[in-house]
Amino acid sequence: MKIICIGRNYVQHIVELQNERPEAPVVFLKPDSSILLKQHPFVIPEFSDDVHHEVEVLVKINKVGKYIDVKMAHQYYDEIGLGIDFTARDLQEQLKKKGLPWEKAKAFDGSAVIGEFYPKSDFESVENINFELHSNGNVVQKGNTEQMLWKIDEQIAYVSQYFTLKKGDILFTGTPEGVAKVHPNDKLEGFIEGKKAFRIHIK
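For the sequence shown, the working numbering gives the first residue as 6, with consecutive numbering after it.
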């Protein structure tokens with residue numbers, strides 16, 4: 006399986022990082038080694054002093070697809086989840102200034118938290134899903150999928166032009182505003198429509 010991530014998909018997140026609004030979805034990949042194992046803490050890597058949490062709605066692909074029409078994209082997933090794209094922001098900024106790829110800052114071991122998945126039928130509309138990230142009991146990120154620049158079906162159609170989607174692939178759909186540095190002993194909890202999807206301890 007592969008992890009496909011969409012960057013800069015919420016306007017206020019683009020603003021908070023002072024990035025340019027993209028004309029097309031920003032796409033990057035994480036390897037399967039980036040998945041944080043269940044029940045394991047997230048260990049801040051030695052190469053960064055500024056790792057940020059980025060909570061995101063996740064989509065699990067359920068069949069093979071290539072050049073998928075946006076009108077047919079809804080047939081390629083039936084589960085919705087929540088996760089975190091941990092980002093070494095200091096390293097990412099260094100790489101961006103040099104025009105280099107982001108993988109070292111985005112795809113390192115343990116950088117992808119994949120929480121619980123729920124049937125798509127549990128949600129009235131995939132274009133109106135509320136989600137939150139709590140840090141030590143306080144809400145730090147809050148979003149709704151209606152705020153996306155590119156909706157889930159549009160992302161699937163776009164990505165499938167470049168990468169064949171396969172059963173089990175996971176799409177990270179972008180993060181809302183509120184990203185911030187994590188610290189040792191932080192406890193992060195993710196909620197999607199009020200359901201707890203994950204709980205992570207930072208070390």
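C-beta: ideal position from N, C-alpha, C; glycine also.
Residues bridged to residue i (per DSSP)
i: L96; result: Answer by DSSP bridge pairing: none, since L96 is not bridged.
i: F177; result: C10 and L63
i: I73; result: According to DSSP, I73 bridges with nothing at all.
i: K102; result: In the DSSP output, where bridge partners are listed per residue, K102 has none listed.
i: E194; result: H139 and R204
i: L34; result: I9
i: F47; result: I207
i: E79; result: A quick correction: the sequence has His, not Glu, at residue 79. Partner(s): none; H79 has no beta bridge.
i: K186; result: H57
Unbroken alpha helix (DSSP H) run spanning residue i, endpoints
i: K210; result: Since the first residue shown for the chain is 6 and the last is 208, residue 210 is missing from the structure and cannot be characterised.
Residue i: first and last residue of the uninterrupted beta strand (DSSP E) it sits in
i: A202; result: K200 to H206
i: I89; result: Y82 to D90
i: V118; result: A117 to P124
i: S140; result: N135 to S140
i: E182; result: Premise fails: E182 is in no beta strand (DSSP E) and is neither H nor E.
Rounded distance between the beta-carbons of residue j and residue i, thought under 8 Å
i: Q146; j: G115; result: That belief does not hold up - the Cβ atoms of Q146 and G115 are roughly 19 Å apart, past 8 Å.
i: I89; j: H45; result: I89 to H45, Cβ: 13 Å. No contact.
i: A112; j: P36; result: 6 Å
i: S38; j: L96; result: That belief does not hold up - the Cβ atoms of S38 and L96 are roughly 17 Å apart, past 8 Å.
i: A78; j: D174; result: Between D174 and A78 the Cβ distance is about 13 Å, and since that is not below 8 Å, they are no contact.
i: F196; j: E129; result: Wrong, their Cβ atoms sit about 17 Å apart, outside the cutoff.
Through-space distance from residue j to residue i, alpha-carbon basis
i: A162; j: E84; result: 17 Å
i: D74; j: L63; result: 20 Å
i: K71; j: N190; result: 43 Å
i: N143; j: I49; result: 21 Å
i: R13; j: A29; result: 10 Å
i: G86; j: A93; result: 23 Å
i: A117; j: S140; result: 17 Å
i: Q80; j: K201; result: 26 Å
i: Q17; j: E132; result: 18 Å
i: L170; j: S126; result: 22 Å
i: L42; j: E108; result: 19 Å
i: F203; j: F91; result: 14 Å
i: G120; j: E151; result: 21 Å
i: N135; j: I9; result: 21 Å
i: K101; j: T180; result: 19 Å
i: V69; j: K172; result: 6 Å
i: R26; j: M153; result: 12 Å
i: V31; j: T178; result: 10 Å
i: M6; j: K65; result: 10 Å
i: Y123; j: L176; result: 14 Å
i: V187; j: H206; result: 10 Å
i: K156; j: K208; result: 34 Å
CB contact check: residue i to chain D, cutoff 7 Å
i: K156; result: In the structure shown, chain D cannot be found, because there is only a single protein chain.
Report the start-end ranges of each alpha helix (DSSP H) in the region 144-171 that is 4 residues or longer and not cut off at the edges. 157-164
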